[in-house]
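Heads up: the structure comes next, in structure tokens.
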Amino acid sequence: MKIDKNTINKIARLSRIKLDDKESEDYIKDLNSILDWVEQLNEVNTENVEPLSNISSSILPKREDVSKDTNSSEEILENAPDKLEGFFAVPKVVE
Amino acid sequence: MSKSSLKQTLQDLESKKISIRELNQDYLKRIKEKENLNVFIHFSEDNILKQIDNLEKDNSTKKLKGIPIAIKDLFCTKSMPTTAASKILQNFNPTYESFVTQKLLDEGSIFIGKTNLDEFAMGSATNTSFFGNTINPLSKENEPLAPGGSSGGSAAAVAADLCLGATGTDTGGSIRQPASFCGVVGIKPTYGLCSRWGIAAFASSLDQAGIFSHNVEDASILLQSIAGFDQRDSTSAKVDIPNYFENLDDDLNGKTVGIPKEYSIDGTPMEISQIWEDAIKVLEKKGVEVKNISLPHTKYALPTYYIIAPAEASSNLARYDGVKYGFRSDEIDSLDAMYENTRAQGFGREVKRRILIGTYVLSAGYYDAYYLKAQKVRKLIADDFNKAFKECDFIVTPTAPSAAFPLNEKQSDPIKMYLNDVFTVPASLAGLPGISIPFGKDKNNLPLGIQILGKHFDEQQVFNVALSLERSYE
Numbered sequence: 000m001k002i003d004k005n006t007i008n009k010i011a012r013l014s015r016i017k018l019d020d021k022e023s024e025d026y027i028k029d030l031n032s033i034l035d036w037v038e039q040l041n042e043v044n045t046e047n048v049e050p051l052s053n054i055s056s057s058i059l060p061k062r063e064d065v066s067k068d069t070n071s072s073e074e075i076l077e078n079a080p081d082k083l084e085g086f087f088a089v090p091k092v093v094e
Numbered sequence: 000m001s002k003s004s005l006k007q008t009l010q011d012l013e014s015k016k017i018s019i020r021e022l023n024q025d026y027l028k029r030i031k032e033k034e035n036l037n038v039f040i041h042f043s044e045d046n047i048l049k050q051i052d053n054l055e056k057d058n059s060t061k062k063l064k065g066i067p068i069a070i071k072d073l074f075c076t077k078s079m080p081t082t083a084a085s086k087i088l089q090n091f092n093p094t095y096e097s098f099v100t101q102k103l104l105d106e107g108s109i110f111i112g113k114t115n116l117d118e119f120a121m122g123s124a125t126n127t128s129f130f131g132n133t134i135n136p137l138s139k140e141n142e143p144l145a146p147g148g149s150s151g152g153s154a155a156a157v158a159a160d161l162c163l164g165a166t167g168t169d170t171g172g173s174i175r176q177p178a179s180f181c182g183v184v185g186i187k188p189t190y191g192l193c194s195r196w197g198i199a200a201f202a203s204s205l206d207q208a209g210i211f212s213h214n215v216e217d218a219s220i221l222l223q224s225i226a227g228f229d230q231r232d233s234t235s236a237k238v239d240i241p242n243y244f245e246n247l248d249d250d251l252n253g254k255t256v257g258i259p260k261e262y263s264i265d266g267t268p269m270e271i272s273q274i275w276e277d278a279i280k281v282l283e284k285k286g287v288e289v290k291n292i293s294l295p296h297t298k299y300a301l302p303t304y305y306i307i308a309p310a311e312a313s314s315n316l317a318r319y320d321g322v323k324y325g326f327r328s329d330e331i332d333s334l335d336a337m338y339e340n341t342r343a344q345g346f347g348r349e350v351k352r353r354i355l356i357g358t359y360v361l362s363a364g365y366y367d368a369y370y371l372k373a374q375k376v377r378k379l380i381a382d383d384f385n386k387a388f389k390e391c392d393f394i395v396t397p398t399a400p401s402a403a404f405p406l407n408e409k410q411s412d413p414i415k416m417y418l419n420d421v422f423t424v425p426a427s428l429a430g431l432p433g434i435s436i437p438f439g440k441d442k443n444n445l446p447l448g449i450q451i452l453g454k455h456f457d458e459q460q461v462f463n464v465a466l467s468l469e470r471s472y473e
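Residue numbers (numbering that gives the first Met the number 0), protein chains in the order written: chain A, 0 to 94; chain B, 0 to 473.
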């Protein structure tokens, strides 16, 4: 078993997702079965194969390096769950 | 009532046989009659009437003026909320317009609503939506069927004749599979043909916008409208967009079709093998040479996809943290508690599953074994296609391994659900254009789909083959 209680807690923590005990149990089962299934990739010989991260065959075009001042802070803050004097507001961080 | 095509409607509007208002009121009426299908996450009659008012005052000529189009609720729209079918974006009102929807607005189309999908496009049945299932319009009474997914709402909107076309996105089959389930045409173009700007990201190296329509001609008109270069998407391609519709040509004489032997999978229903054979016979009659080809790494496409897509998703979805937009939990004793509770309460089960698996395969000590390995196998899969296309002009396969399945069919095993994408995922990994067209029915009279794959940016060839098969079937 690749994923145990400790591992799932660690991944959940890295993902910033709180899991209750029941969920942890379910995900341990799901993730192990998915990882067992993808294991079959080890049958494939990938020696000297370059990893493919971008399928786009076109060369990235260059553009003028000019700055734009759109002054859109009000727009950006429009959907914020909490804001204060032109800033996003979050719970207090410093103890 | 027989469904009116986009092409015919454009002619009727041009000759003033029908007005924009009359046309859209007809669709409005049908949308209200079909409310039970749960096609739309957002629908507002007032908003539609306002769009009609504005277009009536506008004297300019526009290619899609007055045409009712449904938009998958993954595209940011200024005039309507955008949720990605997730609780975490429940109250999100974009302050900007996606590239694709802006193009459709510039051409004068009317947005009739935002369609339902699997949460963040993660699913194959439109059953992971926070806003409930969409019902396939082809369902019989008391036997609701799934519309496929993730773009199930858009496919259903076209199938139920609630619009003349719809946008979708396809990461591993999310346009082609629901098109097959709902008996409509669905095209995923080449990766990079349509800008991803303003589309809520799932797996950025795979996501691509596309079109649902009643027929191939309509798809060719609409795809041209949404394609094009955009400097705000670094993978957007700078290629000339042909006039697909004007260039349509169903004469396939002298072309070569590739039939990949690896797509004959044990357990595929007889009827699906049968329509595949029928399609090949039709092509042969039209003077197409049939060539058996091999795509040897096909069986590894699904496990490759289910490493790469969740890995990219776990990174893309990190932005939903309850700070900048969207839902924030009430349990916010500390900053970490705010993040963890917001994401625990805001995301659904399938999305969390994929974030967790993606985080795992990217985490220290596992990156090489999973993510890097998958990227290497992805290269081999793409190379398979490159080799195959030296021998053939296009490839024909079934779209999905089944017809639409019952909505309530319990899919507790995630791997079984992932198998829905077995025929669509390889081309996604290779970034190739693919279309699904209705071609034949199963024993329950449900539509089945044929998939046509082409070379990069050879959408014209894909459309031509699709048109030829469509005409032979009608």
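Glycine included, every Cβ here is placed at the ideal spot set by N, Cα and C. Here the structure is a predicted model, which means the values were calculated and not measured.
Counting C-beta pairs with one atom in each stretch, the region 253 to 270 of chain B and the region 223 to 231 of chain B have fewer than three that are closer than 8 Å, which means they do not touch.
The beta carbon of phenylalanine 91 of chain B lies closer than 8 Å to those of Pro80, Thr81, Thr82, Tyr324, Gly325 in the same chain, with the five residues before and after it left out. Looking at the DSSP output, proline 446 of chain B sits in a beta bridge with B:Lys440. Residue environment: glutamate 74 of chain A is assigned as exposed (fewer than 16 neighbouring CB atoms within 10 Å of its CB, all protein chains considered).
Look at the beta carbons and you see the region 202 to 209 of chain B touching the region 300 to 317 of chain B: at least three pairs across the two are nearer than 8 Å. The three-state secondary structure of glutamine 230 of chain B, taken from DSSP, is coil. The alpha carbon of aspartate 81 of chain A has as its nearest neighbour, out of B:Tyr369, B:Leu5, B:Arg327, the alpha carbon of B:Arg327.
A residue is called buried when at least 16 other Cβ atoms come within 10 angstroms of its Cβ; aspartate 45 of chain B does not meet this threshold and is exposed. Secondary structure at alanine 69 of chain B: strand, using DSSP grouped into helix, strand and coil. By alpha-carbon distance to threonine 396 of chain B, the top candidate from B:Gln450, B:Glu469, B:Leu9 is B:Gln450. Contact residues of the region 347 to 360 of chain B toward chain A are Arg348, Lys351, Arg352, Ile354, Leu355, Ile356, Gly357, Thr358, Tyr359, Val360 (C-beta to C-beta distance below 9 Å). Counting C-beta pairs closer than 8 Å gives fewer than three between the region 114 to 132 of chain B and the region 6 to 17 of chain B, which falls short of the contact rule. By the Cβ-count criterion, glutamate 216 of chain B is buried, with 16 or more other Cβ atoms from all chains shown falling within 10 Å of its own Cβ. Taking tyrosine 370 of chain B as reference, the option from B:Phe346, B:Ala308, B:Ser333, B:Phe404 with the minimal CA-CA separation is B:Ala308. In the three-state DSSP reduction, glutamate 390 of chain B falls in the coil class, being neither helix nor strand.
Contact check between the region 352 to 370 of chain B and the region 23 to 31 of chain A: three or more CB pairs, one atom from each, fall below 8 Å, which counts as touching.
In the three-state reduction of the DSSP assignment, lysine 285 of chain B falls in the coil class. Distances from the CA of lysine 62 of chain B to each of B:Cys391, B:Leu301, B:Lys77, B:Lys102 were compared; the closest alpha carbon is that of B:Lys102. In the structure shown, the three-state DSSP call for leucine 83 of chain A is strand.
At a cut-off of 9 Å between C-beta atoms, serine 123 of chain B does not count as an interface residue with respect to chain A.
With a cut-off of 8 Å on Cβ pairs, the region 240 to 252 of chain B is not in contact with the region 29 to 41 of chain B, counting fewer than three such pairs. Residues of the region 81 to 111 of chain B with a Cβ closer than 7 Å to any Cβ of chain A, in chain order: Phe91, Asn92, Thr94. The continuous beta strand (DSSP E) containing threonine 166 of chain B extends over residues 164 to 169. If only uninterrupted beta strand (DSSP E) runs of at least 3 residues are considered, those enclosed by the region 15 to 46 of chain B are 39 to 41.
In chain order, Tyr305, Ile356, Pro413, Ile414 make up the part of chain B whose C-beta sits under 7 Å from the C-beta of isoleucine 33 of chain A. When Cβ pairs closer than 8 Å are counted between the two stretches, the region 147 to 164 of chain B is seen to touch the region 119 to 130 of chain B, the count reaching three or more. In the displayed model, isoleucine 451 of chain B falls within a strand according to three-state DSSP. One thing to note: leucine 36 of chain B has its Cβ within 9 Å of the Cβ of alanine 155 of chain B. At least one CB of chain A lies nearer than 9 Å to the CB of methionine 337 of chain B. DSSP places proline 432 of chain B outside both helix and strand once states are collapsed to three, so it counts as coil. Aspartate 3 of chain A has a beta carbon lying at 9 Å or more from every beta carbon in chain B. Interface flag for asparagine 70 of chain A against chain B is unset, since no Cβ pair is found closer than 9 Å. Contact of arginine 327 of chain B with chain A by beta-carbon distance below 8 Å involves Pro80, Asp81. Valine 92 of chain A counts as exposed, since fewer than 16 other beta carbons sit within 10 angstroms of its beta carbon. Methionine 269 of chain B is classed as exposed because its beta carbon has fewer than 16 other beta carbons within 10 Å across all chains shown. The DSSP-derived three-state label of leucine 406 of chain B is coil.
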